[in-house]
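Taking the working numbering, the leading residue of the sequence shown gets 31, the next gets one more, and so forth.
Inspection log for the structure reproduced underneath, given as structure tokens.
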Amino acid sequence: MQRQIFDDYESLSSAAADLVLETVRQNPGAVLCFATGNTPVGTYRQLIEKARARQADFSQCFCFGLDEWVGVPPEKSGTCHQILHEQLFKPLGIRGTQVHLFDGMTDDISAECRRMNEMIRQKGGIDLMLVGIGLNGHIGFNEPGCSPELEAHDQELHESTLASGQHYFNEPTPIAKGLTLGLAQVRAARTVLLLANGAGKASIIQKALEGPVTPEVPASHLQQHEGAVVMMDKAAAAQLTQ
Ligand code: GLP
31 MQRQIFDDYE SLSSAAADLV LETVRQNPGA VLCFATGNTP VGTYRQLIEK ARARQADFSQ
91 CFCFGLDEWV GVPPEKSGTC HQILHEQLFK PLGIRGTQVH LFDGMTDDIS AECRRMNEMI
151 RQKGGIDLML VGIGLNGHIG FNEPGCSPEL EAHDQELHES TLASGQHYFN EPTPIAKGLT
211 LGLAQVRAAR TVLLLANGAG KASIIQKALE GPVTPEVPAS HLQQHEGAVV MMDKAAAAQL
271 TQ
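Set out below in structure tokens:
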């Protein structure tokens, strides 16, 4: 696992955007996976600016969404569907046929998860997965205690995830469960780019990077991933001891 520490959020976002662009430049058919949340907003903004300036070609790549709220209509502001389409896919000119996201409105969760797993296999796995970290160490909706062997699955959300989750919606939205790629798929991605910014993430970043590798801190599994790159600003890195 590599660590990179940046002075501020802007330089972190710029470096993360550069890594996505470089991945697609080297492999135009790259299979990418994107998270939502506040952390990658700056990366997506810079990715769009840099992609335009460099005339980057995303027409052959394929994109997966990391997770989705169960039972929230996709067009609602705050869903992974809405955010990724508006903040990323549309501005980059990525077409609907190049994207596969969880259907949070499915009435058959097992079939939905099988469809996701099958699609990832069909595409030959994920080349670059961009993720954030939850305050409890989750990646996607892999909450503490999740088996590292799981593929796509549904997940009851923890208190802290439910509380921070409400901030993504513009009106109170009932949420209880999420659909997520599993840690097996995170661990199998060729590169996992984990982003963290702000003092609020400092404690969990220290546990995830320097504590024991344990299902209690799902992001700690990245310590064993040779292709993991953790990009942090100084505030998020402040409690690291090494
Ligand atoms: C959410 C999402 C994750 C996201 C994480 C961190 O619950 N399911 O995909 O990475 O929490 O969010 P933020 O970047 O807003 O801190």
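Every residue, glycine too, gets a C-beta built ideally from N, C-alpha and C.
Taking one C-beta from the segment 242-249 and one from the segment 142-153 each time, how about it: are there three or more such pairs within less than 8 Å?
no
K207 - partner residues in DSSP beta bridges:
E186
Where the alpha helix (DSSP H) through Q112 begins and ends
C110 to L114
In chain order, which continuous runs of the beta strand (DSSP E) of length 3 or greater are located wholly inside the segment 31-80?
32-36 and 61-64
Got a sec: does ligand 3 put a non-hydrogen atom nearer than 7 Å to the Cβ of P178?
Ligands present in the displayed structure are limited to ligand 1, and ligand 3 is not among them.
Quick check on this structure: which residue in T69, H183, A45 and E40 has the alpha carbon closest to the alpha carbon of G230?
T69
Under 7 Å: does the beta carbon of A81 sit that close to some heavy atom of ligand 1?
no
My guess is that L122 and A81 are in contact by the Cβ rule of under 8 Å, so how many angstroms apart are they, rounded?
6 Å
Are the segment 225-239 and the segment 197-212 in contact at 8 Å, needing three or more beta carbon pairs?
no
Near Y198, which residues of its chain fall below 6 Å by C-beta distance, leaving aside the five closest residues on each side in sequence?
G108
What is the C-beta distance between L62 and G162, in whole angstroms, given that I count them as a contact (C-beta under 8 Å)?
In fact, because the Cβ distance is near 15 Å, the residues do not count as touching under 8 Å.
Short Cβ contact (8 Å threshold) for G134 with V100
yes
Span of the beta strand (DSSP E), counted from its first residue to its last, around M149
Run containing M149: none in the beta strand (DSSP E); it sits in the alpha helix (DSSP H), I139 to Q152.
Helix, strand or coil: which one does DSSP assign to V216?
helix
Run the proximity test for G67: is its beta-carbon closer than 7 Å to any non-hydrogen atom belonging to ligand 1?
yes
Which residues does DSSP list as the beta-bridge partners of D263?
F36
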